[in-house]
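For this note's numbering, count along the sequence shown from 1 and bump the result up by 407. Idealized CB from N, CA, C, for every residue including glycine. Owing to the predicted nature of the structure, the values given are computational and were not obtained by experimental measurement. See structure below.
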Amino acid sequence: MPLLTYTLLRVALVVGAGALLYVLGVRSWLLVVLAVLIGAGLSYVLLAGPRQEAADDLERRTGGRPTNLEKSLARDGDDEDAQFDALGQDYASVVEGEEAEADAAPQDAEHTDRGAAEHGGAPTGDDTDGPASPRV
């Protein structure tokens, strides 16, 4: 019941804001947009209590059961753990390896550009040891 109460109070705030804007002379699509924005702002400020009651009621109804997203994330984590175990690796060694690759990547990219230029490919930088010339 708290969810229904909260929803009805929010609708009342939007309708009230719309009525006030109509009296003030706002017409067309702007009336609807402003009414929804004003109603949302007012409901955030004025309806904190009913919103919390609705959230608590939903929590009681679900009994703290995990959502489908939480179940899926747990399954994915278990699958990843099983894959690491099957490979005989632990997570820390994989992360350290990725960090080492990331540190070496800028140097590798520089060598790749020079190699492409030597073999007829389109270089992205300069073949000299100086700074790369800007592209136009």
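Quick one, which of the options has its alpha-carbon nearest residue i's?
i: A447; options: S435, L465, A493, L415; result: L415
i: P409; options: E477, D485, L428, Q459; result: Q459
i: Y451; options: E487, A493, L480, V418; result: V418
Report the CB separation of residue i from residue j in whole angstroms; it is logged as a contact under 8 Å.
i: L438; j: Y413; result: In fact, because the Cβ distance is near 24 Å, the residues do not count as touching under 8 Å.
Closer than 7 Å by C-beta to residue i: which residues in its own chain qualify, once you throw out the five before and the five after it? Chain order, please.
i: I445; result: A424
i: V443; result: V421
i: L441; result: L428, V433
i: D464; result: P409, L410
Skipping 5 residues on each side, what residues in its chain have a beta carbon closer than 6 Å to that of residue i?
i: R467; result: none
Excluding the 5 residues flanking residue i on each side, which residues of the same chain have their C-beta closer than 8 Å to its C-beta?
i: Y449; result: The question names Tyr, but residue 449 is Leu in the sequence shown. Cβ neighbours of L449 beyond the five flanking positions: L420, A424.
i: E487; result: none
i: A481; result: P473
With a floor of 4 residues, list each alpha helix (DSSP H) that falls wholly inside the stretch 417-471, ordered by position along the chain. 436-453, 455-469
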